[in-house]
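Structure first, commentary second.
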Amino acid sequence: MKPVFKIGNCEELNSSQAVLLIEVGEIHCCFAIIDYANQMMVQLGYYTADEKDNANILQMVLDRTDELKQSFRQTIIGYYFPESLLIPSKFYRLEETQSLLQGMYEKAENLVVSESIAEWNMYNSYYVPASMHELLSRRFSTGNFWHMHSVILKNDIGDYDRGKLFVDFKTDSFSVVALANNSLLLAQIFYYSKAEDVLYWLLKTCEQYSLSQNAAEIILSGLIDRQSAVFKELYQYFLNIQFASVENDIQLSGAFDEYPVHFFSSLYKLASCAS
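Written out as structure tokens, the structure is:
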């Protein structure tokens with residue numbers, strides 16, 4: 000596995016007073032440790048998988064990171080997987096949803112997880128590798144599990160009458176949650192290899208849902224900066240682009256000073272699920 004970021008430490012923090020946040024996808028795994036009393040993020044690790052260890056990225060991070068072997072006040076896990084269905088609560092039926100996911104994706108080795116998003120009166124049902132979910136459930140028996148699309152919707156998203164797209168970047172993929180006129184329009188993960196791929200999908204989303212490129216807000220987070228080819232491409236086509244800020248009253252220790260705060264936005268949002 001390849002380390003992307005290794006920031007800070009929690010040597011002086013009693014883990015029983017700390018919250019552990021973990022986000023895991025097909026080829027990445029990241030974690031953050033928060034001092035619960037001070038609501039301060041003190042440590043973060045972000046790793047991507049080599050081709051030879053794609054299936055084992057989570058196991059490798061857990062085995063090689065001593066801090067993750069402690070007992071925490073609370074553990075919150077966010078899943079970043081593309082096979083996800085958002086269903087209005089009045090139409091949700093567990094058995095039907097499982098059959099629908101199986102018919103669409105045909106992944107027998109995966110487990111169907113469903114969760115209620117009460118704020119939107121809907122359910123999110125999604126596939127997770129069964130071995131991964133079992134590993135996390137054993138290691139963190141009191142952990143809370145969420146899909147990252149659900150996490151975005153559970154956070155304060157502000158006004159979105161004219162359209163708002165939350166776009167979060169990983170090393171070779173990005174997620175889009177699009178909203179307008181009091182409605183959720185889209186929640187999807189896309190893969191890309193060049194900047195033009197990102198532009199294509201965002202323009203297509205705007206066209207499909209009749210969103211104005213001049214009026215819609217584009218909120219960028221994750222592994223993107225102003226010097227990147229992706230940002231320069233988007234800047235030519237969208238008028239209202241901004242980077243995500245720190246949310247939920249989370250503070251950052253001094254070790255984070257040299258990094259743009261939007262790099263770790265998905266983990267700040269995950270922290271909102273702590274209690």
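Residue numbering for the sequence shown follows numbering that gives the first Met the number 0, starting at 0 and increasing by one per position. Ideal placement from N, C-alpha and C gives every residue a C-beta, glycine not left out.
CB of residue i within 9 Å of CB of residue j, strictly
i: L185; j: I156; result: no
i: N8; j: V41; result: yes
i: Y78; j: K169; result: no
i: S14; j: S70; result: yes
i: L266; j: L43; result: yes
i: E11; j: I32; result: no
i: P128; j: E114; result: no
i: A214; j: V18; result: no
i: Y236; j: Q207; result: no
i: Y190; j: D171; result: yes
i: V23; j: M131; result: yes
i: L183; j: V176; result: yes
i: L277; j: I116; result: In this structure the chain extends from 0 to 274, so residue 277 is not present and cannot be described.
i: A36; j: Q16; result: yes
i: Q241; j: L219; result: yes
Selected residue, minimal CA-CA separation from residue i, among the options
i: L99; options: Q73, K68, Y126 and G7; result: Y126
i: Y199; options: N181, A214, F173 and I218; result: F173
i: A228; options: L134, G24, A31 and E195; result: E195
i: A243; options: D224, K193 and A117; result: D224
i: L222; options: F30, E232 and Y45; result: Y45
i: E246; options: C28, Q38, E25 and V18; result: Q38
i: S264; options: S211, I151 and F189; result: I151
i: R63; options: L93, H146, F30 and P87; result: F30
i: Y122; options: V112, I249 and Y190; result: V112
i: Q287; options: I116, E82 and I56; result: Summary: the structure shown does not reach residue 287, with the chain confined to residues 0 through 274, and so no result is reported for it.
i: I188; options: L93, S140 and F165; result: F165
i: I238; options: L251, I217, S209 and Q250; result: Position check: residue 238 holds Leu in this sequence, whereas Ile was assumed. Of L251, I217, S209 and Q250, the residue nearest in Cα terms is I217.
i: I76; options: L134, L20, Q16 and R92; result: L20
i: T141; options: N181, H148 and R72; result: R72
Exposed unless 16 or more other CB atoms sit within 10 angstroms - verdict on residue i
i: Y258; result: exposed
i: D167; result: buried
i: E105; result: exposed
i: N154; result: buried
i: D34; result: buried
i: T74; result: buried
i: A48; result: buried
i: F90; result: exposed
i: S274; result: exposed
i: S124; result: buried
i: M103; result: exposed
i: K231; result: exposed
i: L93; result: exposed
Residue i, DSSP secondary structure in three states
i: N55; result: helix
i: I151; result: helix
i: F71; result: coil
i: D224; result: coil
i: Q212; result: coil
i: L238; result: coil
i: L12; result: coil
i: T47; result: strand
i: G253; result: helix
i: C272; result: coil
i: Y125; result: strand
i: D196; result: helix
i: Y267; result: helix
i: K169; result: coil
i: D160; result: coil
i: Q303; result: Outside the modelled stretch of the chain, which goes from 0 to 274, sits residue 303, for which no answer is possible.
i: Q207; result: helix
i: V245; result: coil
i: S182; result: strand
i: E25; result: coil
i: S174; result: strand
Beta strand (DSSP E) runs contained entirely in the segment 79 to 131, provided each spans 3 or more residues: 83 to 87, 109 to 116 and 121 to 128
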